[in-house]
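S.K.: I am attaching a structure below and will ask some questions about it afterwards.
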Amino acid sequence: MEVEAVNQKLKEYERLRTNFFANISHELRTPLNVIYSAQQMIELMVNKENLNKRKIESYLKITKQNSYRLIRLIGNLIDITKIDALSFEATFVNLNIIKVVEDIAMSVVDFVESKGLTLTFDTEVEEKIISCDPYLIERIMLNLLSNSVKFTQKGGNILVKVHLEDNYVCISVNDNGIGIPDDMQELIFDRFIQVDDVITKNTEGSGIGLSLVKSLVEMHCGKIYLNSQENRGSEFVICIPDILNKDNEEKRNITNLDDNRIERINIEFSDIYD
Numbered sequence: 001m002e003v004e005a006v007n008q009k010l011k012e013y014e015r016l017r018t019n020f021f022a023n024i025s026h027e028l029r030t031p032l033n034v035i036y037s038a039q040q041m042i043e044l045m046v047n048k049e050n051l052n053k054r055k056i057e058s059y060l061k062i063t064k065q066n067s068y069r070l071i072r073l074i075g076n077l078i079d080i081t082k083i084d085a086l087s088f089e090a091t092f093v094n095l096n097i098i099k100v101v102e103d104i105a106m107s108v109v110d111f112v113e114s115k116g117l118t119l120t121f122d123t124e125v126e127e128k129i130i131s132c133d134p135y136l137i138e139r140i141m142l143n144l145l146s147n148s149v150k151f152t153q154k155g156g157n158i159l160v161k162v163h164l165e166d167n168y169v170c171i172s173v174n175d176n177g178i179g180i181p182d183d184m185q186e187l188i189f190d191r192f193i194q195v196d197d198v199i200t201k202n203t204e205g206s207g208i209g210l211s212l213v214k215s216l217v218e219m220h221c222g223k224i225y226l227n228s229q230e231n232r233g234s235e236f237v238i239c240i241p242d243i244l245n246k247d248n249e250e251k252r253n254i255t256n257l258d259d260n261r262i263e264r265i266n267i268e269f270s271d272i273y274d
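All letters in the sequence shown, in the order written, are residues 1 to 274 by UniProt numbering.
As structure tokens, this is what we get:
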């Protein structure tokens with residue numbers, strides 16, 4: 001019986017792995033087809049000398065969004081591969097994690113509100129210096145926020161909150177969206193599980209995002225939790241140890257973190273449609 005159970009698990013793993021690569025192939029092919037079609041339409045208008053500015057702008061917007069989708073997917077694949085090969089590099093510095101998280105949350109307010117949602121930031125403390133990689137924190141936060149936006153209907157609310165718990169700084173992203181079924185919550189961070197299929201068939205996604213988030217949190221020696229009720233919403237909580245980098249005793253202000261942030265937001269939110 002034990003051998004049979006192991007074989008069954010191996011078969012299920014192989015099935016999930018096959019589905020994962022099928023999904024990846026689809027996610028690569030779809031934006032490429034869209035970009036190619038838009039380029040053909042623009043070329044057709046140019047050849048016919050029938051230039052319609054509004055249509056051209058629309059096709060260019062489609063091309064840009066799908067280019068962002070490709071950048072996001074390929075970037076995630078490269079990062080997952082590097083993490084598996086133990087060659088992913090992170091730069092840990094001592095900084096005010098509260099300000100980092102608040103700046104990230106506030107940077108997406110306009111986008112969130114354009115989708116008919118509200119976003120609120122709250123914190124128990126105004127300053128907490130810990131050792132972390134601010135770019136990875138941004139990556140984690142943007143992924144969690146994009147999921148909340150994607151799976152929360154118009155009129156919904158998203159809350160980003162920071163609190164201290166034991167020797168950890170905990171950051172939560174809470175929404176009142178469609179939630180995640182109980183039987184799927186343990187699988188949500190599995191690389192071979194497509195999150196969008198778990199929740200709804202009406203969205204796009206490769207399924208890499210939350211698996212990558214978990215890996216990035218663990219690189220900080222942190223933990224990630226999910227609290228969710230179907231049709232009631234979800235809360236993702238990441239807890240990072242309250243420790244300092246001894247080689248970097250002074251506070252580091254990351255002055256260039258905002259550089260190209262809009263571009264990074266567009267990339268991370270590229271599979272959210274109007």
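Ideal Cβ positions, reconstructed from N, Cα and C, are used throughout, including at glycine.
Taking Glu218 as the reference, give the member of Val237, Ile267, Arg232 and Asn231 with the closest Cα.
M.R.: Looking at the Cα atoms, Val237 is the closest of the given residues.
S.K.: With a threshold of 16 other CB atoms inside 10 Å of the CB of Met106, please say whether the residue is buried or exposed.
M.R.: With fewer than 16 Cβ atoms within 10 Å of its Cβ, Met106 is classed as exposed.
S.K.: From the DSSP output, which residues share a beta bridge with Glu165?
M.R.: Tyr168
S.K.: For Arg69 and Ser270, which I take to be in contact (beta-carbon distance under 8 Å), what is that distance rounded to the nearest angstrom?
M.R.: 4 Å
S.K.: Rounded to a whole number of angstroms, what is the C-alpha to C-alpha distance between Lys115 and Lys150?
M.R.: 9 Å
S.K.: Does the separation of the CB atoms of Glu165 and Cys239 fall below 9 Å?
M.R.: Cβ distance < 9 Å, so Glu165 and Cys239 count as in contact.
S.K.: Could you have a look at Leu210 and say whether DSSP puts it in helix, strand or coil?
M.R.: helix
S.K.: Less than 9 Å between the beta carbons of Ser234 and Ile180, yes or no?
M.R.: Yes, the pair counts as a contact, with Cβ atoms nearer than the cut-off.
S.K.: Report the residue ranges of all alpha helix (DSSP H) runs contained in full by the region 74 to 149; include only those spanning at least 4 residues, in chain order.
M.R.: 97 to 107 and 109 to 114
S.K.: Is the CB-CB distance between Ile98 and Thr120 below 9 Å?
M.R.: The answer is no: Cβ separation not under 9 Å.
S.K.: Determine, using beta carbons only, whether Gln65 and Asn266 come nearer to each other than 9 Å.
M.R.: yes
S.K.: Does the region 56 to 64 come close enough to the region 171 to 186 that 3 or more CB-CB pairs lie under 8 Å?
M.R.: no
S.K.: Distance, Cα to Cα, Gly222 vs Gln40?
M.R.: One alpha carbon belongs to Gly222, the other to Gln40, and they sit about 47 Å apart.
S.K.: Check Lys11 in the structure and name its three-state DSSP category.
M.R.: Lys11 falls in the helix class under three-state DSSP.
S.K.: Should Leu86 be labelled buried (16 or more other beta-carbon atoms within 10 Å of its own) or exposed?
M.R.: exposed
S.K.: In whole angstroms, give me the CA-to-CA distance for Val173 and Asn157.
M.R.: 11 Å
S.K.: Tell me which same chain residues have a C-beta within less than 7 Å of the C-beta of Val109, skipping the five on either side of it?
M.R.: Leu119
S.K.: Starting from Leu262 and walking both ways along the alpha helix (DSSP H), at which residues does that stretch end?
M.R.: The residue asked about is misnamed: residue 262 is Ile in this sequence, not Leu. Element bounds for Ile262: Arg261 to Glu268.
S.K.: Determine the contact status of Asp242 and Lys128, defining contact as a CB-CB distance below 9 Å.
M.R.: yes
S.K.: Does the distance from the CB of Gly209 to the CB of Asn143 come in under 9 Å?
M.R.: Going by C-beta atoms, Gly209 is nearer than 9 Å to Asn143.
S.K.: Give the range of the beta strand (DSSP E) segment to which Ile238 is assigned.
M.R.: Ile238 -> beta strand (DSSP E) spans Gly233 to Pro241.
S.K.: Verify whether the separation of the beta carbon atoms of Thr63 and Ile24 is less than 9 Å.
M.R.: no
S.K.: Taking the continuous beta strand (DSSP E) assigned at Ile224, which residues delimit it?
M.R.: Lys223 to Gln229
S.K.: Ser228 to Ile188, Cα distance in whole Å?
M.R.: Near 11 Å, if we compare the C-alpha coordinates of Ile188 and Ser228.
S.K.: Establish whether the CB of Ser146 and some CB of chain B are separated by less than 9 Å.
M.R.: Here chain B cannot be found, since the structure has a single protein chain.
S.K.: What is the C-beta distance between Leu244 and Asn94, in whole angstroms, given that I count them as a contact (C-beta under 8 Å)?
M.R.: 5 Å
S.K.: My assumption, with CB atoms under 8 Å, is that Val101 sits in contact with Ile171. Please give the rounded CB distance.
M.R.: 6 Å
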